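Engineer: Dropping the structure in here first, questions after.
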């Protein structure tokens, strides 16, 4: 098992290198640091001295890949590529374009993101599984038919409408909870209630339908027919056999998402004013802060790859037919 | 010439797409085994009803993709054309675009949304809601005449729609009767009981609802702002109809960009295996490990910087907005080919072990020929399912991206920009709800019909479901 994990981690390294090179190319090759400075300072009336000063403050005045002016090893390390991209591997995110320490910001802002994402994930999973099981139990009846109709309708509504509608209905009309904002500690519950509920409701359509498909595929298999023929009641067949075997594809799909919970939902955090990593990224995009966007892209890739490795490990744990090779 | 045709980048690509689709349709019709799944799609009632609605949206989108510049005057023998670029759709709706109010107004309102100081004829000044310039301007006394006028227009609209529907139904009946050599009465009864092969009853009912609603909207839009006006006074109904084209463009052009990458790379990875497979797998794992929204945001940011530092390439605001829309489609396409490539790689891995491929190898058929002649036609069903299922997802994604700020240009009218500006209006007192409702309704209609149609296509083309159905049919007939 340890050998398998180490092998997967080693395989992840070239991928992270590739991600790094790709984001470097995207940020620095498509537009030169001069262009970025010009956009930040105003395109038309900016002096070359101001551009140079802007670049010096942020370390963009060095050559891209290879510094001929330096000596020895510094030829490669005194470049933008090393300073900005390679250092990401050490999780040294550097400073944002406004001068703040990105690493510190990330470590403080990931907790509010988690505070929303984790309850949405857990409660959502429970809700979707319940609905999907109900529809699978009553398959080929009107419950199933109207359930699917409702799912397709809910799937077709954009997440934005759920957020705006939910904020209006519950926050403004009924005034049960505040519309947006965040506070640490015990007060957090009244701020988190609305985003969590909307997050769960918004995902009902697509997820319930997906789980229902998996359950129905499982119910069509031979061993279920045998179990019924042996006289087991339908609920027992469902909970004892179908659910456990259907959990394999469900779980593996779900485990991949868990590390990404840290990143937070970009849209939900912006609408609800939650100071998490999602709103951090959106603010960076709006203010064209390239350093933060770079750091978040790298962080997202690392978490995704961890999720993939966890998925493969959970495959082997849950399904006894799959073994490491 | 009274106008000069203007072909924008997205227009050119849409025409190209139309040509490709026409060629494909001609190719499919000649082969029975390719037509069979489409016949199955045609037999699904929900799919056909959704297709009727989609046909209307596509018609609106296509008419909005023919752009021209109207001529202003002729001077010294040369015609001078306006800088403003209009579309065929703009010409058809005419007054809907030009009749703007000054600021907000509620749907079907005769007065403006906010109070202003009005000067009365006898010199006094009073603060009241002023009458709109165009909305309900034909009413002399809005208080009493508004209700009956609205009711009368609705009736006219529904009557007009019903008339068109009767004509269409009669034509359909006559066509079916001639083709099956039966009398129209019997054809009509069979149609109404839902016994025909193609679900004409569902299609006619959908058409009836569409014509009734459309008729009322057209009748009301002649004299009122049906969905109200937004902050700068533009008719919200007009905005919603224009957004349809943006949504359609994003849904289709992204697929056009994504297909070559996904097809070529996915099939090659599965067919050649070895180092080609490793390289392509590394490529799409790297690309898919970057969070989607972030990658798109980063790419759009870079594109924005590029556009701002090269302003000399764009002569009109519309050209710039159009190019940004095109770049957005390209970026979305480049970042979303990985999912389809993975599916195609799996399918190609399975196909290359089949016997006729091995026979082709034995006959020294070149690889490229095997790929195009044998592998590619057999993976087309996966491609088709992916295309139709991704369409609705792309329309929804555009709304989110425009909210984040990395979507279309703010001057382009799209569902995303409508929602973005409508969101802040909800906080006004009294609440401005009509922009959001209009965007919501139209977007829901488009995405829902796309989803239903995609479901019908998937049910017809997915081999697993096909097998299950034929087994069940055999069991039922046995």
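Protein chains in written order, with this note's numbering: chain A, 1 to 325; chain B, 1001 to 1478.
Note that the Cβ used here is the ideal one computed from N, Cα and C, for glycine as well.
Here the structure is a predicted model, which means the values were calculated and not measured.
How would you call residue 1361(B), buried or exposed, if buried means at least 16 neighbouring beta carbons within 10 angstroms?
Structural biologist: Flag for residue 1361(B) reads exposed.
Engineer: For a contact meaning CB atoms closer than 7 Å, what does residue 1440(B) contact in chain A?
Structural biologist: Under the 7 Å cutoff, chain A gives 161.
Engineer: Using a 10 Å radius around the Cβ and a threshold of 16 neighbouring Cβ atoms, would you call residue 111(A) buried or exposed?
Structural biologist: Its Cβ having fewer than 16 others within 10 Å, residue 111(A) is exposed.
Engineer: Quick one: what's got a C-beta closer than 6 Å to residue 1477(B)'s C-beta in the same chain, skipping five residues either side?
Structural biologist: Caution applies to residue 1477(B), whose pLDDT of 47 falls short of 50 and renders its modelled position unreliable; the value that the coordinates give is listed next. So the list is empty, once near-sequence residues are dropped.
Engineer: Relative to chain B, which residues along the region 35-66 of chain A have a C-beta separation below 7 Å, given in chain order?
Structural biologist: Listed by position along the chain: 35, 36, 38, 39, 43.
Engineer: Can you name, in chain order, every residue of its own chain whose Cβ lies under 8 Å from the Cβ of residue 172(A), other than the five neighbours on each side?
Structural biologist: Counting only Cβ-Cβ distances below 8 Å, and skipping sequence neighbours, we find 179.
Engineer: May I have the straight-line CA-CA distance separating residue 1038(B) from residue 1055(B), to the nearest angstrom?
Structural biologist: If you take the alpha carbons of residue 1038(B) and residue 1055(B), they lie about 16 Å apart.
Engineer: Using 8 Å as the threshold, is the C-beta distance between residue 1141(B) and residue 1067(B) below it?
Structural biologist: No, the pair does not count as a contact, with Cβ atoms beyond the cut-off.
Engineer: In this structure, what does DSSP give as the bridge partners for residue 214(A)?
Structural biologist: According to DSSP, which records beta bridges pairwise, residue 214(A) is partnered with nothing at all.
Engineer: Would you check if there are 3 or more beta carbon pairs closer than 8 Å linking the region 1346-1361 of chain B to the region 1264-1280 of chain B?
Structural biologist: With a cut-off of 8 Å, the region 1264-1280 of chain B and the region 1346-1361 of chain B count as touching, because enough Cβ pairs lie within range.
Engineer: Name the chain A residues that come within less than 8 Å of residue 1399(B), Cβ to Cβ?
Structural biologist: Neighbours of residue 1399(B) on chain A, chain order: 158, 160.
Engineer: Exposed or buried, residue 48(A), counting other C-beta atoms within 10 Å across all chains shown (16 or more means buried)?
Structural biologist: Under this definition residue 48(A) is an exposed residue.
Engineer: Are the Cβ atoms of residue 1296(B) and residue 1331(B) separated by less than 8 Å?
Structural biologist: Yes, the pair counts as a contact, with Cβ atoms nearer than the cut-off.
Engineer: Any contact of the region 130-144 of chain A with the region 215-225 of chain A, i.e. 3+ C-beta pairs under 8 Å?
Structural biologist: Cβ pair count under 8 Å is three or more, so yes.
Engineer: Closer than 9 Å, Cβ to Cβ, to anything on chain A: give me those residues from the region 1285-1303 of chain B, in chain order.
Structural biologist: Hits within the stretch, in order: 1285, 1286, 1287, 1288, 1289, 1290, 1291, 1293, 1294, 1295, 1297, 1298, 1299, 1300, 1301, 1302, 1303.
Engineer: Among 1117(B), 1069(B), 1159(B), 1384(B), which residue has its Cα nearest to the Cα of residue 1479(B)?
Structural biologist: Lying before the first or after the last residue shown, residue 1479(B) is absent from chain B, which here runs from 1001 to 1478.
Engineer: So the candidates are 1028(B), 1050(B), 1438(B), 1424(B); which of them puts its Cα closest to the Cα of residue 1229(B)?
Structural biologist: The option with the nearest alpha carbon to residue 1229(B) is 1438(B).
Engineer: Please state the DSSP three-state secondary structure of residue 1281(B).
Structural biologist: Correct three-state label for residue 1281(B): helix.
Engineer: Between residue 1216(B) and the rest of its own chain, which residues show a CB-CB distance below 7 Å, the 5 nearest in sequence each way excluded?
Structural biologist: The answer, listed in chain order, is 1154, 1157, 1158.
Engineer: Can you look up residue 182(A) in the DSSP assignment and give me helix, strand or coil?
Structural biologist: Residue 182(A) falls in the coil class under three-state DSSP.
Engineer: Nearest to residue 1081(B) by alpha carbon, out of 1105(B), 1004(B), 1358(B), 1025(B)?
Structural biologist: Of 1105(B), 1004(B), 1358(B), 1025(B), the residue nearest in Cα terms is 1004(B).
Engineer: Taking 8 Å as the threshold (beta carbon to beta carbon), is residue 1436(B) in contact with chain A?
Structural biologist: By this cut-off, residue 1436(B) is an interface position.
Engineer: Quick one, are the C-beta atoms of residue 160(A) and residue 1403(B) less than 8 Å apart?
Structural biologist: In contact: residue 160(A) and residue 1403(B) (Cβ atoms closer than 8 Å).
Engineer: Assign residue 60(A) to one of three DSSP states: helix, strand, or coil.
Structural biologist: In the structure shown, residue 60(A) sits in coil (DSSP, three-state: anything other than H, G, I, E or B).
Engineer: Within 10 Å of its beta-carbon, does residue 1024(B) have 16 or more other beta-carbons around it, so buried, or fewer, so exposed?
Structural biologist: By the neighbour-count rule (16 or more Cβ atoms within 10 Å), residue 1024(B) is not buried but exposed.
Engineer: Who are residue 1100(B)'s beta bridge partners in DSSP?
Structural biologist: Per DSSP, none; premise fails for residue 1100(B).
Engineer: Strictly below 9 Å CB to CB, what residues from chain B border residue 296(A)?
Structural biologist: Those are 1291, 1294, listed as they occur along chain B.
Engineer: Below 7 Å CB to CB, which residues in the same chain sit around residue 1224(B) once its five sequence neighbours on both sides are set aside?
Structural biologist: Contacts found: 1108, 1135, 1136.
Engineer: Residue ranges of each alpha helix (DSSP H) run of no fewer than 4 residues wholly in the region 1050-1136 of chain B, ordered along the chain?
Structural biologist: Within the region 1050-1136 of chain B, the complete alpha helix (DSSP H) runs of at least 4 residues are 1088-1093, 1095-1098.
Engineer: Shorter than 8 Å from the beta carbon of residue 1186(B) to some beta carbon of chain A?
Structural biologist: So, not an interface residue.
Engineer: Please report the straight-line C-alpha distance between residue 63(A) and residue 300(A), rounded to a whole angstrom.
Structural biologist: Rounded to whole angstroms, residue 63(A) to residue 300(A) spans 27 Å at the Cα level.
Engineer: Can you check which of these residues, 251(A), 249(A), 278(A), 272(A), is closest to residue 260(A) by C-alpha distance?
Structural biologist: Comparing Cα-Cα distances from residue 260(A) to each of 251(A), 249(A), 278(A), 272(A), the minimum goes to 278(A).
Engineer: State the DSSP-derived secondary structure class of residue 1014(B), mapped to helix, strand or coil.
Structural biologist: Helix.
Engineer: Under a CB-based cut-off of 8 Å, is residue 285(A) close to chain B?
Structural biologist: Taking Cβ atoms only, chain B reaches closer than 8 Å to residue 285(A), which makes this a yes.
Engineer: Which residue wins for smallest C-alpha separation from residue 288(A), given the options 1299(B), 1292(B), 1282(B)?
Structural biologist: Ranking 1299(B), 1292(B), 1282(B) by Cα distance to residue 288(A) puts 1299(B) first.
Engineer: For residue 1410(B), which residues from the same chain have a beta carbon less than 7 Å from its beta carbon, with the 5 sequence-adjacent residues on both sides left out?
Structural biologist: Excluding sequence neighbours, residue 1410(B) sits near 1417.
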